Every structure is written in C-alpha cells, then in structure tokens.
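Some notes on the structure that comes next.
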Amino acid sequence: MAELGRYEQVSLNVLERQYGYTNVAALMMKRAEVYDTLIGDIITDLMGQFFDIRTCTTQALDNYWGKLLNISRVFEDDDGNKYTLTDAEFREVMQIKLFSWDGTLASLNEFFRDLFAGRGSFFGVDSQDMTYIRFIIGFELTDNEKALFEKFDILPRPAGIGARVKIITSDKKFFGFGKYESYTESPITLSFGTYTQEPLGAGQFATYNDEV
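Note that the working numbering gives residue 1609 to position 155 of the sequence shown, counting from 1, and the numbers run on in steps of one.
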C-alpha cells in the first residue's frame, strides 16, 4: 500500500470522525488492498481520484473537498460580480485553506513556491513595521485569482496583519543587496541577483518600494 500524503490523511481523519472513530477508514483501505490483488491497483486510483486535492476528479472537488472545507467554486464580490473557479483555481484555494503555517516567512514562501511551481515567483515580504505582508507575484494572475487575492482575503498571514499584492511581470532585470526571498533585510535595495534568480545578465537597480 502506498504511503499516504498529507491530503489523503486529512480525508481519512475526517472519515474516522464521521464514523465515531471506528476503523471504517482502515477497513476501506484493507478491503481495497484485497481487491488490488484480484483486479488491479484500486488503492492508487482511489487516492488519485478522490483523496488527493492535486489529482482528484471534478466531482470529488465539488462534492467531497468543497463540502469538507465549506467552500464553493462559485462566488460573488460586493459589487455583484460573479466568478466560477476552474478546477486548477479551486485546487489552489483548497490548498491555501489547508496550509498549516508556523508563522515564518520561510515556510510561507516554501509553500507558495511549491503551489505555483512552473508559473513563476510568488513570495511574501515583511513590511518591517508589523502592519502588512507584501506578496510579490512574478507572473500573470487569472481574473479569478486576482479577485481571490485582492478582494477575498485568502492569503495566509498572522491575525491583524494586512496584505498587499504586487504583480511584477516585466522581463527586466534588477539587483541589490540581500537574499532574493527576504530582500527587506535591507530597506534600500530589493535583492541581489536578477529577478529570475539568475546570477548573471544585465540588471536594473530598484529600491524597496519602487515600481519595476
């Protein structure tokens, strides 16, 4: 039997709570293991199509995970604009909701790096005065993502701390002093290295709050 991932374990924990902490979840897995020996790898299919947010079917997203987390892919803003999330966007929201944060920017940025792998940079930066976290995004957001991040306040951060979203999609390079993911250690410069984290190439200097 394959090792359970974090999302699968969340599902099984819920199943056990729903059935009064009986062994129904374990029973399901054991029965699937028996069937595996007869008609194929059912347990892997079950995990992939139902229990894993990243790979489950559309029906599982709406009818299991959506109900479990009490969220819907259809929502409306204060101006009456309606949005319907795609499967990929709905998965993002669910993973953000399930994210267990230890309060450090390092773990927050690691989570976003994994969540948006392949799309570009996405990281949070401390404002240094405990008033907000600036989220720097290095790729184009969908209209639904913009609404979620800017209007619906879903980005994780400590209670009482605000959020500001900054989208930087320019192909220009910039440099400065400090680590790429924690450039606010220097209040004057943005980071050392290019925007795409490459150490070489023509650069552009930018101060902390400059528009790039």
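Glycine included, each C-beta is placed from N, C-alpha and C at the ideal position.
As the structure is a computational prediction, the values presented were derived from the model and not from experiment.
Setting aside the 5 residues that flank it on each side, L1602 is surrounded in the same chain by V1547, I1608, each with a C-beta closer than 7 angstroms to its C-beta; the list follows chain order. The beta carbon of R1611 is closer than 7 angstroms to those of I1587, A1617 in its chain, skipping five residues each way along the sequence. The beta carbon of I1591 sits closer than 6 angstroms to the beta carbons of F1576, I1621 from its chain, once the five residues preceding and following it are set aside; these are given in chain order. Contact check for L1559 and D1533: beta-carbon distance about 32 angstroms, past the 8 angstroms limit, so the pair fails to qualify. Taking a 10 Å sphere around the C-beta of L1522, we find fewer than 16 other C-beta atoms and assign the residue as exposed.
For R1527, the secondary structure class from DSSP, reduced to helix, strand or coil, is coil. Burial check for G1578: the Cβ neighbour count within 10 Å reaches 16 or more, so the residue is buried.
Under the three-state reduction of DSSP output, T1538 falls in the strand class.
In this structure, F1606 keeps its C-beta atom at 9 angstroms or more from the C-beta atom of D1541. Under the three-state reduction of DSSP, D1607 is assigned to coil, being neither helix nor strand.
Counting every other CB atom within 10 Å of its CB across the protein chains shown gives E1599 a total of 16 or more, marking it as buried. By the Cβ-count criterion, N1535 is exposed, with fewer than 16 other Cβ atoms from all chains shown falling within 10 Å of its own Cβ.
Put simply, of E1604, Q1582, I1550, D1556 the residue whose alpha carbon is nearest the alpha carbon of F1570 is I1550.
Here DSSP, grouped into helix, strand and coil, assigns G1520 to helix. I1615 is not bridged by DSSP to any residue. By the criterion of a C-beta distance shorter than 6 angstroms, L1539 is surrounded in its chain by R1527, N1598, once the five residues flanking it on both sides are discounted.
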